[in-house]
Amino acid sequence: MQTFTFIGVTTGQSAATRLFPAWARELGLGDVRLVGCDLPLHAARERYREVVLRIRSDPHERGGLVTTHKIDLFSACRDLFDSVDKYAELCGETSCLAN
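Letter by letter, the sequence shown follows residues 1 to 99 of my numbering.
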């Protein structure tokens, strides 16, 4: 089964966990499940990098949804991204990782 990582603070309490199955169907993602990854606010740089490297290296991982950590994750992991669109670059943040 493929996974999509949800990076936040309290992912289990988010509406995204309830909405993801409908969203995945609408986007034609197939058999994929949302997996929460809870990190504290302003987590250590290494922690963000571990999560992004895991997403990049896992052949079953489709990508990631980033909520609270948009700026910190972008700052810690910019060099790990294959490409960054002009809006992410301009804002210095990311809300979605594609694998």
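Even for Gly, the Cβ is constructed at its ideal location relative to N, Cα and C. Quick caveat, the model's predicted, so the values are computed rather than measured.
Coil, strand or helix - Phe4 by DSSP | Along the sequence shown, one-based indexing puts residue 4 at 4. Strand at Phe4.
Among Ser75, Pro59, Arg54, Ser83, which has the Cα closest to the Cα of Glu93?
-> In the sequence shown, residue 93 corresponds to position 93, counting from 1. Considering only alpha carbons, the answer is Ser75.
With distances taken between CB atoms, is the gap from Asn99 to Glu61 smaller than 8 Å?
-> Taking the sequence shown and counting its residues from 1, the one referred to as residue 99 is at position 99. Taking the sequence shown and counting its residues from 1, the one referred to as residue 61 is at position 61. Their beta carbons are under 8 Å apart, which means Asn99 touches Glu61 by this criterion.
Would you report the Cα separation of His42 and Leu34, rounded to the nearest angstrom?
-> Stepping through the sequence shown from its first residue, residue 42 is reached at position 42. Stepping through the sequence shown from its first residue, residue 34 is reached at position 34. Approximately 23 Å, taken between the alpha carbons.
Distance between Ser83 and Asp72 (C-alpha atoms, nearest Å) | Position 72 of the sequence shown, counted from the first residue, corresponds to residue 72. Position 83 of the sequence shown, counted from the first residue, corresponds to residue 83. Approximately 17 Å, taken between the alpha carbons.
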